[in-house]
Amino acid sequence: MKIVYNERYFHIQRNKSWGESDHWDIGSTIKIGDRHNKLMKERYLTDYKMPTQIDLEKLHLDASVNPFYLRNIGIVYHEYIIKTREYIFENERLLINPDLPSRFTCLFLTDIDGIEFWKQRLLNNPDQQPYTIYEISVSGRIHKANQHYVELNTRSQEYNHQSAREYWSGVDADKEGSEYLFVGDMLVKNREDFNVGREYKEIIR
3 MKIVYNERYF HIQRNKSWGE SDHWDIGSTI KIGDRHNKLM KERYLTDYKM PTQIDLEKLH
63 LDASVNPFYL RNIGIVYHEY IIKTREYIFE NERLLINPDL PSRFTCLFLT DIDGIEFWKQ
123 RLLNNPDQQP YTIYEISVSG RIHKANQHYV ELNTRSQEYN HQSAREYWSG VDADKEGSEY
183 LFVGDMLVKN REDFNVGREY KEIIR
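Throughout the sequence shown, residue numbering follows the numbering used here, covering 3 to 207 in sequence.
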């Protein structure tokens, strides 16, 4: 972790269906770190109302079962893997250094060299999916880590705790896949909205 002042980073915003809450205007100043971010806000509040025990073999043989119910089982399973990961990482952060920016409340950033990596990583179809790239100036606390350690898995709890410790220790932070976790004050310097066929490079001249 380091303290930064007026340093230049970028944020890729997707999922336009989530509303205008973070469609920031150029010149806006925003405080980051005092509330849940998109990663955790809905997951923290959502009650999935799903049975804790499900006989999948029985459901598979029951022709009357709505296929959307089966799909929802998969969604809830995926969501709980994400939640498990995030609470493990938060627990390790608090043990290692509670001043590190929390994944629950931070803004996820990239530097200029990581834009192409994250565009491909975050967007299902960058040539057709709407998204926005923000150029921002940040002042506050920032932590650089490698996203490799947060990739979803169903391995042991110890494996995930060890991954969290390496993530918060900055292991492989300078390799491909680096991400920045930021809390503090940010100023929106520029923004570009992209749709079908648009190139993103003009913002980083």
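By construction, the Cβ of each residue, glycine as well, lies at the ideal position given by its N, Cα and C atoms. What you are looking at is a predicted structure, and each value in this text was computed from that prediction instead of being measured.
| Item | Value |
| --- | --- |
| For residue 6, I'd like the list of residues in its chain whose CB is within less than 7 Å of its CB, leaving aside the five on either flank, ordered along the chain. | 140, 141, 142, 144 |
| With distances taken from CA atoms, which of 108, 44, 78, 114 is nearest residue 53? | 78 |
| With H, G and I counted as helix, E and B as strand and the rest as coil, what does DSSP make of residue 182? | strand |
| Please go through the same chain and pick out, in chain order, the residues whose beta-carbon is closer than 7 Å to the beta-carbon of residue 190, but skip the five residues on each side of it. | 26, 27, 28, 29, 30, 136, 138 |
| Just grab the DSSP bridge partners of residue 56 for me. | In DSSP, residue 56 forms no bridge with anything. |
| Among 3, 32, 182, 81, which has the Cα closest to the Cα of residue 148? | 182 |
| Tell me the residue span of the alpha helix (DSSP H) that contains residue 168. | 159-170 |
| What ranges does the beta strand (DSSP E) occupy inside the segment 94-155, keeping only unbroken runs of at least 3 residues that lie completely in it? | 109-111, 133-148 |
| Considering only C-alpha positions, which residue in the set 51, 146, 179 is nearest to residue 108? | 146 |
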